[in-house]
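Participant: Reminder that position 111 of the sequence shown reads as 149 in my numbering, one-by-one numbering, no gaps. We treat Cβ as the ideally placed atom computed from N, Cα and C, and that holds for glycine. Take this structure, written in structure tokens, and hold onto it; I'll ask about it next.
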Amino acid sequence: MADRIHSRTLLRQRHPLTSSQVSTDTIAVWGFRLPAHLLGASDRKYLASLPLELPSIEWLWSEMDRIWVAYGLNNKVPDQPLLQQYYSHPVWIANGVFTAQDPISASHRIAIAHYVGRLGTKEVADYGGGFGELARTISTHTEAARVAVIEPYVTAVAKALSAGNERISFLPSLDDERYDLIIAQDILEHVADPLGTTNALSRALKPGGFAIIANCFFPVIQCHLPATFHLRHTFRFVVPCLGLKYVGRVPGAEHAQIFVRSGAPDLAKLRNMERASQTLGPVLNALGDGWDALRRKLNR
């Protein structure tokens with residue numbers, strides 16, 4: 039999502055699927071067939087209400103916001119039980135299908151998979167990997183990498199799409215010092231304590247292991263929590279307190295930053311750096327927004 043902020047595609051209208059697109063065996067969403075028997079009646083009804091053609095990313099964001107508002111959620115004071123309902127809504131199945139079909143997202147998955155192959159890592163975790171599309175791409179483009187999709191809201195559909203692939207598994211949580219590589223794409227902006235979550239990611243890495251982290255600390259959709267936005271420009275300078283050394287960006291997916299676990303966490307220092315980021319981050323964000331606006335004006 040971080041890489042799609044500046045997309046300018048127009049919103050599309052909402053249209054129901056025709057009866058030819060729904061069968062007793064599968065339901066077609068934007069040309070992507072899902073096993074109908076693994077979907078509940080409410081899921082099928084919702085998916086059947088989606089646009090006929092692949093919509094714009096802006097349409098999907100607006101749909102996520104519509105559902106967020108329907109649940110009565112507040113991104114400044116998120117309610118955990120309501121969040122669980124929100125992240126279990128079938129809009130996230132639609133999000134998975136969109137990501138699978140979207141050419142920009144696909145190119146970034148392939149770039150990450152190629153980087154994983156070059157690293158030669160064997161034990162990989164895709165944290166918050168949802169639909170499993172990145173895991174399947176890594177499995178296709180590497181010879182030996184085993185990918186655990188760490189997903190508390192995993193769906194039966196996601197598991198079915200990876201069924202038969204012995205190198206892909208789904209787990210609800212991480213284990214300490216288990217993985218050679220952890221990937222977290224568009225996750226930290228959704229959680230109340232992104233640095234605490236990053237600490238869990240660091241702990242789950244073997245010493246010398248790598249983390250690929252792509253964040254979107256922007257107010258793109260309602261489920262991006264404003265309390266995380268101070269990290270937009272400061273994240274890579276704060277996480278060394280967790281033993282994570284910044285080493286670069288993924289070629290072909292430059293929004294994804296690469297870190298290596300090179301030391302032990304210093305949690306007291308981390309929270310001091312967090313407080314500094316909460317003060318400095320909004321200033322850097324405002325400067326960055328001003329520069330972006332000026333650059334757009336100059337490029338007209």
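At what residues does the beta strand (DSSP E) containing residue 71 begin and finish?
Facilitator: 70-73
Participant: Where residue 135 and residue 67 are concerned, what is the direct C-alpha to C-alpha distance, given to the nearest angstrom?
Facilitator: 7 Å
Participant: The alpha helix (DSSP H) spanning residue 84 covers which residue range?
Facilitator: 79-86
Participant: Taking Cβ to Cβ, would you say residue 63 is nearer than 8 Å to residue 131?
Facilitator: By the CB criterion at 8 Å, residue 63 and residue 131 fall outside the cutoff.
Participant: Any idea what DSSP makes of residue 295, helix, strand or coil?
Facilitator: strand
Participant: May I ask you to report which of helix, strand or coil DSSP gives residue 260?
Facilitator: coil
Participant: Which same chain residues, not among the five before or five after residue 114, have their C-beta less than 7 Å away from its C-beta?
Facilitator: 264
Participant: Go ahead and pull the three-state DSSP assignment for residue 192.
Facilitator: The answer is coil: DSSP assigns residue 192 none of H, G, I, E or B.
Participant: On the premise that residue 161 lies in contact with residue 147, defined as a C-beta separation below 8 Å, what is that separation, rounded to the nearest angstrom?
Facilitator: 19 Å between Cβ atoms; not a contact.
Participant: Tell me the DSSP secondary structure of residue 210 in three-state form.
Facilitator: coil
Participant: Using the Cβ count rule (16 or more neighbours within 10 Å means buried), how would you classify residue 174?
Facilitator: buried
Participant: From the DSSP output, which residues share a beta bridge with residue 118?
Facilitator: Note: residue 118 sits in no beta bridge, so no partner.
Participant: What are the partner residues of residue 185, as DSSP defines its beta bridges?
Facilitator: 162 and 206
Participant: Is the distance from the Cβ of residue 270 to the Cβ of residue 323 below 8 Å?
Facilitator: One thing to note: residue 270 has its Cβ within 8 Å of the Cβ of residue 323.
Participant: From residue 210 to residue 190, what does the alpha carbon distance come to, in whole angstroms?
Facilitator: 5 Å
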